[in-house]
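K.L.:
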Amino acid sequence: MVADIEMAIEKYKDKYGYDHIDEETFEKPSFVAKVKEALDEYEDDIPSDDAADIVKDALYFVQYGDTSDADDLAAISEDYCERFPEGSNKV
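Its first residue numbered -7, the sequence shown is counted upward by one per residue in the working numbering.
1) For ALA50 versus VAL27, is the C-beta spacing smaller than 9 Å?
2) When we look at the beta-carbon of ASP11 and count the other beta-carbons within 10 Å, is it buried (16 or more) or exposed?
3) Thinking C-alpha only, which one of PRO77, ALA66, TYR56 is nearest SER22?
4) How is ILE38 classed by DSSP in three states: helix, strand or coil?
5) So, with DSSP's three-state summary, where would you put PHE76?
Structure, rendered in structure tokens:
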């Protein structure tokens, strides 16, 4: 499964880009577990876009937690603007 997780991270990087905070998160056990859990749901080869989106969702969850409050979403938006001042297709 390690190769699958690494493949998913590479697909994410290709599709969305990443920064040092994402790079640090890739090593966290909670991130690896979240990605592995999602990848385990696939019986066959996983499409590239699905793999990238699994990583995106896992990064979001590990970095920000379960967010549903408007204040949380505003803070996340502000964080993205600071991390990606030139813009990003991550959001």
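Every residue, glycine too, gets a C-beta built ideally from N, C-alpha and C.
P.N.:
Straight from the coordinates:
1) The residue given as residue 50 occupies position 58 in the sequence shown. The residue given as residue 27 occupies position 35 in the sequence shown. Contact check for ALA50 against VAL27 passes: the beta carbons are separated by less than 9 Å.
2) In the sequence shown, the residue the question calls residue 11 occupies position 19. It is exposed - the Cβ of ASP11 has fewer than 16 other Cβ atoms within 10 Å.
3) The sequence position of residue 22 within the sequence shown is 30, counting from 1. Among PRO77, ALA66, TYR56, the Cα nearest to that of SER22 belongs to TYR56.
4) What you label residue 38 is simply residue 46 of the sequence shown in a count that begins at 1. Assignment of ILE38 by DSSP, reduced to helix, strand and coil, places it in the coil class.
5) As a working mapping, residue 76 is identified with position 84 in the sequence shown. The answer is coil: DSSP assigns PHE76 none of H, G, I, E or B.
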